[in-house]
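Student: Once you've had a glance at the structure underneath, I'll fire off some questions.
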Amino acid sequence: MTETSTAERHSQRRDEPHEGARPGDDAAGSERTASAIHMQGLHKRFGASTVALDGVDLTIEAGEFFTLLGPSGCGKTTLLRILAGLEEADQGRLTIGERDVTEVAPHHRSVNTVFQSYALFPHLSVRDNLAFGLKMRGVDRAEREARVQRIAEFIQLGDLIDRRIDQLSGGQRQRIALARALVCEPDVLLLDEPLSALDAGLRSQLQVELLRVQKRLGMTFVFVTHDQDEAMVMSDRIAVLNGGTIQQVGPPREVYERPVNAFVARFMGHANLYPISARQGLRVTTELGELELEPDLATTEQGSGELLLIRPETLDVRLGRHEGVNHLIGRITERLYRGSHAEFRLTVGDTTLQATINNRGRRLPEVGDEVTLVVAPEDLVTVAN
Amino acid sequence: MTDTAVLGRSQGMVREARHLLFTVSPGAAWIIVFLVLPSAYLMGVAFMTNGPYGLPQMPLSLDSFKQLAGFGFLGWSPGNLYTLLRSLWQTLVATGLVVIVAYPIAYYITTCRAKWRPIMLLLVVVPSWTNQVIRTFGWMNLLAPGTPLSSVAETLGLIAPNMGLYPSNFAVTLGLVYNFLPFMVLPLYAAFEKLDTAQVEAAQDLYATPVKAFWHAVFPQTLPGLLAGIVLVAIPAFGMYVIPELLGGGKALMLGNLVANQFSGGSNWPLGAAGAILMLLATFAGLYAMRRIGKRLGGGEEVVI
Amino acid sequence: MRKRTLKRGLTAFWWLTLVFLYLPLAVVVLFSFNAANSAASMTGLSLRWYHQLFANDQIMSAFGNTLVLALTSSLIALVIGCLIGYGMYRHRHRKLGWLIVLIYLPIVLPDIVFGISEMAFFVKIHELTGLLGPGLGTMIIAHVTFQIPFVALIVYSRFVGLDPSLFEAAKDLYASPLKRVVHFMLPTIKPALISAFFLSFTLSVDDFVISFFTSGPESATLPIYIWGAIKKGVSPEINAIATLMIAAVALAALASLVVNRRKA
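Right under this line is the structure:
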């Protein structure tokens with residue numbers, strides 16, 4: 468587990484799309500302060516044998532869009548439910564802002580959740596759903612109505628406010644669920660795969676909307692998803708979980724391009740991974756042959772269990788035989804044309820690998836063609852097994 | 355795990371257990387005190403001796419079971435045995451007839467337009483919402499001597515002159531069929547509604563004749579509903595009291611009447627209790643058998659009502 | 250061609266069955282307006298049986314007993330059954346087989362066994378303690394016993410049909426346990442509570458056997474009164490009470506139809 472210092476983490480933000488726009492700075496007219504979350508040694512077990520969380524230490528910065536990413540059963544939902552107070556950790560501490568909330572009941576925490584199924588109350592209108600949290604908190608009627616009206620306009624659903632829940636479309640329900648949580652102005656907003664029930668088009672539209680809302684309010688968002696594309700689009704930082712432990716924490720580019728281990732490498736996208744059989748300085752030997760690494764990446768760990776990672780899109784595919792550093796000769800066995808790009812399956816000797824090239828109208832190699840694969844030393848990464 | 359964690363978890367468990375106790379115990383206690391205990395007491399009564407005024411007293415004995423089997427002061431008589439056999443026979447015949455009527459009705463409802471179906475089901479069920487005594491009384495009016503139905507039966511030579519269709523075994527069967535028809539239509543309708551028509555089409559494709567298609571594709575799919583219906587009809591029919599009492603006119607008694615008469619007449623509680631035990635055994639045996647058959651046929655959960 | 254014959258046959262059978270189902274009720278209604286004191290022939294129309302009905306104190310008190318019994322028992326069963334239904338839902342992951350058996354027991358037990366068990370038990374308790382003498386009290390106890398399972402199962406199935414996250418959403422939105430009951434659970438299961446109440450009420454009015462064995466000298470309900478009248482020799486008044494009860498059921502059926510329509 469790599470837990471880098473805060474300073475380092477911020478220096479790695481260089482490639483973020485929101486460069487310079489620290490969340491909270493441009494939170495239109497909002498003077499609220501977002502809260503940071505600290506988790507320390509969280510353990511959770513279900514029954515005697517199922518370990519959901521096996522010692523999680525994590526700090527989520529105030530105002531951050533933070534994503535918990537992992538396959539089903541990795542513990543991401545359990546972690547989110549512990550943050551919400553819907554599940555109690557067996558062990559460990561949890562603080563939100565300055566307050567230790569480890570044993571605080573959910574209705575006493577300033578945390579709200581957008582549920583995967585939206586969980587809108589079927590017996591209430593949109594308006595009463597939005598007002599529910601405020602009413603439970605004892606906010607008086609006049610202020611309640613004003614805040615409900617404001618939030619409904621904020622999410623541009625003011626005209627639906629008197630509808631029944633069963634009269635809403637999926638996308639509308641999703642927005643109402645978001646608004647119902649936001650209207651309470653919690654310190655932290657938790658989102659449990661909130662977009663997974665929507666179709667692809669609506670989903671990407673709402674991704675953008677969600678991101679805008681978060682930037683405007685400067686609220687701390689903790690987002691759970693199993694979809695690595697969604698995680699990369701949305702997040703300031705991602706924590707990749709597997710088997711109840713955190714594998715890696717970092718900004719999207721770092722997690723995708725510099726994964727710490729084979730699991731993260733595979734989970735974030737297609738990965739050509741090869742065991743390193745020998746290593747001499749910057750030269751590594753794998754079943755593909757000898758390849759040269761970039762000087763920076765000659766990591767300190769030189770154990771035998773290491774793997775070489777080549778992402779498919781870092782490979783340049785040239786027709787014919789060419790000679791040079793990190794040049795591999797292979798043959799195309801399969802081609803999948805996908806419009807904007809094409810995927811190739813190739814064999815180099817007895818080894819198979821996958822390559823992706825952008826489609827720029829040039830001639831694409833055919834199945835059976837002999838090609839040269841070129842990979843730049845800086846695109847090669849070694850990862851732990 | 356630290357001590358505090360263990361503590362926290364056991365506190366949670368205590369809280370959950372208290373919640374379970376709070377929600378479930380009033381109802382559970384009610385049923386235990388007012389049904390399980392009384393039934394247990396009744397079973398105890400069956401093993402006691404009949405005292406004066408028909409009330410049970412010590413010592414314990416098996417007299418009541420002997421009486422139930424027909425051994426009385428005057429030696430063995432077949433009366434009780436006849437009653438028992440009549441109960442079984444009536445239950446079998448009535449259940450069979452109910453199936454024969456309900457099956458096409460349930461199917462017919464599913465073939466009608468969706469908006470009519472709830473109304474049609476309601477039409478089938480509504481008569482059973484009226485009191486059993488009233489419904490039976492209606493049949494008494496219809497079947498009494500001198501009514502048009504009785505006259506028709508008389509002219510056809512089905513019954514002796516001036517006898518009327520009631521009271522008779524036939525009237526009891528009719529009353530049972532009438533009473534239990536809705537209980538068979540509802541589960542069968544549910545089964546038909548879920549029917550996988552692709553299977554029927556595949557069967558028509560493979561077996562060609564409608565009869566075979568029905569037997570291989572339709573019937574097995576409706577079996578869970580049929581079994582559920584049989585449980586709902588046969589078990590209460592076996593213990594029926596009102597219908598034989600009113601439509602049988604004392605000539606067509608069933609087990610329910612035998613049992614009830616030992617209590618209402620105050621004649622012999624232990625004997626009545628022994629009859630009740632028999633009825634309970636039959637009930638549980640019936641439920642168990644249906645469950646077994648249902649499971650074997652892969653009906654699974656639906657059969658378990 | 251063959252299909253059409255089948256469909257025609259089925260349609261005819263359907264109407265025949267409806268006649269079968271409604272004929273006995275129709276006869277009761279018809280004879281309630283009979284001018285003659287006969288169950289076999291109609292001589293003319295009259296309302297005399299209805300006049301006699303309202304002048305008959307026994308019938309009026311039986312009517313009152315029926316209402317009190319049905320209302321009281323349904324309300325008690327609603328509270329107890331609702332709690333047990335929620336308990337079954339909330340703890341559905343535990344092993345509650347014993348509870349399921351207990352809940353199904355009143356449903357599967359033959360009426361007659363149910364009735365005489367309670368009667369024998371109440372008599373014994375009365376003998377020992379002087380409590381639970383036969384009357385409306387014992388009838389209410391017996392009715393609640395068979396109503397609880399129906400309420401519990403209706404409430405339970407309503408809860409099972411809900412999205413489990415709703416319970417968490419209520420917690421998440423600052424509702425304390427009490428507020429969750431008042432502002433979330435009760436309003437959400439309101440339709441189930443209403444239909445459970447009506448079912449309990451109907452079951453109570455519909456019951457004869459269990460009432461018969463648990464009733465006392467002063468607590469005859471309408472079905473018990475009718476039973477007695479039939480046994481004593483048919484009095485045409487019975488047709489009139491029965492007709493009123495049939496009318497009540499018909500109204501209930503219409504109401505349920507309207508409610509269903511509005512839902513759809």
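Protein chains in written order, with this note's numbering: chain A, 468 to 852; chain B, 355 to 659; chain C, 250 to 513. Even for Gly, the Cβ is constructed at its ideal location relative to N, Cα and C. Since this is a predicted model, take the numbers as computed values, not measurements.
1. Helix, strand or coil: which one does DSSP assign to glutamate 759/A?
2. Does the beta-carbon distance from alanine 646/A to leucine 597/A come in below 7 Å?
3. Helix, strand or coil: which one does DSSP assign to valine 328/C?
4. Using CA atoms only, rank isn't needed, just tell me which of Val387/B, Phe388/B, Leu391/B, Ser418/B is closest to methionine 402/B.
5. For glutamine 747/A, write down the residues that DSSP places opposite it in a beta bridge.
6. In the DSSP output, which residue or residues are listed as bridge partners for tryptophan 430/B?
7. Using a 10 Å radius around the Cβ and a threshold of 16 neighbouring Cβ atoms, would you call proline 574/B buried or exposed?
8. Could you tell me if asparagine 728/A is buried or exposed, where buried requires 16 or more neighbouring beta carbons within 10 angstroms of its beta carbon?
9. Which two residues bound the contiguous beta strand (DSSP E) that contains glutamine 506/A?
10. Just to make sure I have the definition right: I need the residues of chain A whose C-beta is within less than 8 Å of the C-beta of lysine 344/C. Which are they?
11. Out of curiosity, what's the CA-to-CA distance linking isoleucine 475/C and alanine 497/C?
12. If you follow the alpha helix (DSSP H) that asparagine 523/B is in, where does it begin and where does it stop?
13. Taking valine 812/A as part of the beta strand (DSSP E), name the residues at either end of that continuous run.
14. Glutamine 556/A by DSSP, collapsed to three states: which one?
15. If the cut-off is 8 Å on Cβ atoms, which residues from the stretch 379 to 395 of chain B count as contacting chain C, listed in chain order?
16. What residues in its chain sit with their C-beta under 6 Å from that of alanine 499/C, if we drop five residues either side in the sequence?
17. Check asparagine 305/C in the structure and name its three-state DSSP category.
18. If we count the other Cβ atoms within 10 Å of its Cβ and call it buried at 16 or more, is arginine 253/C buried or exposed?
19. Counting along the chain, where does the alpha helix (DSSP H) carrying phenylalanine 592/B start and finish?
20. Find the residues of chain C that neighbour phenylalanine 599/A, judging by a C-beta separation of less than 7 Å, and give them in chain order.
21. Show which residues of chain C have a CB atom less than 8 Å away from the CB atom of serine 584/A.
22. Does any residue of chain A bring its CB to less than 7 Å from the CB of serine 425/C?
23. Tell me where the beta strand (DSSP E) around glutamine 715/A begins and ends.
24. Please say whether proline 573/A and leucine 553/A have beta carbons closer to each other than 7 Å?
25. Only counting the same chain, and skipping five residues up and downstream in sequence, which positions put a Cβ closer than 6 Å to that of alanine 460/B?
26. Buried or exposed, going by whether 16 or more other CB atoms sit within 10 Å of the CB of glycine 529/B?
27. Considering only DSSP beta bridges, list what isoleucine 799/A is partnered with.
28. Compare the C-beta of methionine 603/A against all C-beta atoms of chain C and say whether one is closer than 7 Å.
29. By the 10 Å Cβ neighbour count, where 16 or more other Cβ atoms means buried, how is arginine 489/B classified, buried or exposed?
30. How many angstroms separate the CA atom of proline 762/A from the CA atom of leucine 775/A?
31. Under a CB-based cut-off of 7 Å, is isoleucine 475/C close to chain B?
32. One question on the structure: do leucine 612/B and glycine 640/B come within less than 7 Å of each other, judged by their Cβ atoms?
33. With burial defined as no fewer than 16 other Cβ atoms inside 10 Å of the residue's Cβ, what is the status of aspartate 559/B: buried or exposed?
34. Following the continuous beta strand (DSSP E) through proline 742/A, name the residue where it begins and the one where it ends.
35. Would you mind working out which of Ser379/B, Pro472/B, Ile386/B sits nearest valine 508/C, comparing C-alpha positions?
36. Classify asparagine 825/A as buried or exposed, calling it buried when 16 or more other Cβ atoms lie within 10 Å of its own Cβ.
Tutor: In short:
1. Residue numbering aside, residue 759/A sits at position 292 when the first sequence is read from its first letter. Looking at glutamate 759/A - three-state DSSP - the assignment turns out to be strand.
2. Start at 1 with the first residue of the first sequence, and residue 646/A comes out as number 179. Start at 1 with the first residue of the first sequence, and residue 597/A comes out as number 130. Annotated as proximal: alanine 646/A and leucine 597/A, with beta-carbon spacing under 7 Å.
3. Translated into the one-based positions of the third sequence, residue 328/C becomes position 79. Helix.
4. Looking up residue 402/B in the second sequence gives position 48. The option with the nearest alpha carbon to methionine 402/B is Ser418/B.
5. Looking up residue 747/A in the first sequence gives position 280. DSSP, once it has assigned bridges, lists Arg750/A as partnering glutamine 747/A.
6. Here residue 430/B corresponds to residue number 76 of the second sequence, with the count starting at 1. Tryptophan 430/B is bridged to Phe425/B.
7. Here residue 574/B refers to the residue found at position 220 of the second sequence. That one is exposed.
8. On the first sequence, position 261 is the one that residue 728/A refers to. Asparagine 728/A is buried by the Cβ-count criterion.
9. On the first sequence, position 39 is the one that residue 506/A refers to. With the sequence shown as reference, residue 506/A is identified as methionine, and glutamine is not the correct amino acid for it. Methionine 506/A -> beta strand (DSSP E) spans 504 to 513.
10. Translated into positions along the third sequence, residue 344/C becomes position 95. Those do not exist, as lysine 344/C stays about 14 Å from chain A at its closest Cβ, beyond 8 Å.
11. Reading the third sequence from its first residue, position 226 is the one you call residue 475/C. Reading the third sequence from its first residue, position 248 is the one you call residue 497/C. So the alpha carbons of these two residues sit roughly 16 Å apart.
12. The count along the second sequence starts at 1 and reaches residue 523/B at position 169. That run of the alpha helix (DSSP H) goes 523 to 548.
13. As a working note, residue 812/A is residue 345 in the first sequence. In the sequence as presented, valine is not what sits at residue 812/A; that position holds arginine. Arginine 812/A -> beta strand (DSSP E) spans 808 to 815.
14. In the first sequence, the residue the question calls residue 556/A occupies position 89. The displayed chain sequence assigns alanine, not glutamine, to residue 556/A. The answer is coil: DSSP assigns alanine 556/A none of H, G, I, E or B.
15. Pro380, Gly381, Ala382, Trp384, Ile385, Ile386, Phe388, Leu389, Val390, Leu391, Pro392, Ser393, Tyr395
16. For the purposes of this step, residue 499/C is taken as residue 250 along the third sequence, with counting starting at 1. Around alanine 499/C: no qualifying Cβ.
17. As a position in the third sequence, residue 305/C is number 56, starting the count at 1. Here asparagine 305/C sits in coil by DSSP.
18. To locate residue 253/C, count along the third sequence from 1; it is residue 4. When all chains shown are included, arginine 253/C counts as exposed.
19. As a working note, residue 592/B is residue 238 in the second sequence. That run of the alpha helix (DSSP H) goes 573 to 592.
20. Translated into positions along the first sequence, residue 599/A becomes position 132. Going along chain C in sequence order, the residues near phenylalanine 599/A (Cβ under 7 Å) are Leu422.
21. Start at 1 with the first residue of the first sequence, and residue 584/A comes out as number 117. Ordered by position in chain C, the residues that pass the 8 Å Cβ test against serine 584/A are Asp412, Ser414.
22. Counted from its first residue, the third sequence places residue 425/C at position 176. Contacts with chain A at 7 Å (Cβ-Cβ) include serine 425/C.
23. Numbered from 1 along the first sequence, position 248 holds the residue referred to as residue 715/A. That run of the beta strand (DSSP E) goes 712 to 717.
24. Within the first sequence, residue 553/A is the residue found at index 86, counting from 1. Within the first sequence, residue 573/A is the residue found at index 106, counting from 1. Yes, Cβ-Cβ distance for leucine 553/A and proline 573/A is below 7 Å.
25. By one-based count along the second sequence, residue 460/B stands at place 106. Taken in chain order, the residues that qualify are Val539, Leu542, Tyr543, Phe546.
26. Locating residue 529/B in the second sequence gives position 175, where the first residue counts as 1. So glycine 529/B counts as buried.
27. Reading the first sequence from its first residue, position 332 is the one you call residue 799/A. Isoleucine 799/A pairs with Leu813/A.
28. Taking the first residue of the first sequence as position 1, residue 603/A is located at position 136. It does: the Cβ of methionine 603/A has a partner Cβ on chain C nearer than 7 Å.
29. Looking up residue 489/B in the second sequence gives position 135. Burial call: buried.
30. Taking the first sequence and counting its residues from 1, one reaches residue 762/A at position 295. Taking the first sequence and counting its residues from 1, one reaches residue 775/A at position 308. Cα to Cα, the separation comes out at about 15 Å.
31. To locate residue 475/C, count along the third sequence from 1; it is residue 226. It does; some Cβ of chain B falls within 7 Å.
32. Position 258 of the second sequence, counting from 1, holds the residue named residue 612/B. Position 286 of the second sequence, counting from 1, holds the residue named residue 640/B. No, Cβ-Cβ distance for leucine 612/B and glycine 640/B is not below 7 Å.
33. For the purposes of this step, residue 559/B is taken as the residue at position 205 of the second sequence. It is exposed - the Cβ of aspartate 559/B has fewer than 16 other Cβ atoms within 10 Å.
34. Here residue 742/A corresponds to residue number 275 of the first sequence, with the count starting at 1. First-last of the beta strand (DSSP E) with proline 742/A: 739 to 742.
35. Residue 508/C sits at position 259 when you count from the first residue of the third sequence. For valine 508/C, the nearest C-alpha among the options comes from Pro472/B.
36. Along the first sequence, read from residue 1 onward, the residue named residue 825/A stands at position 358. Result: exposed.
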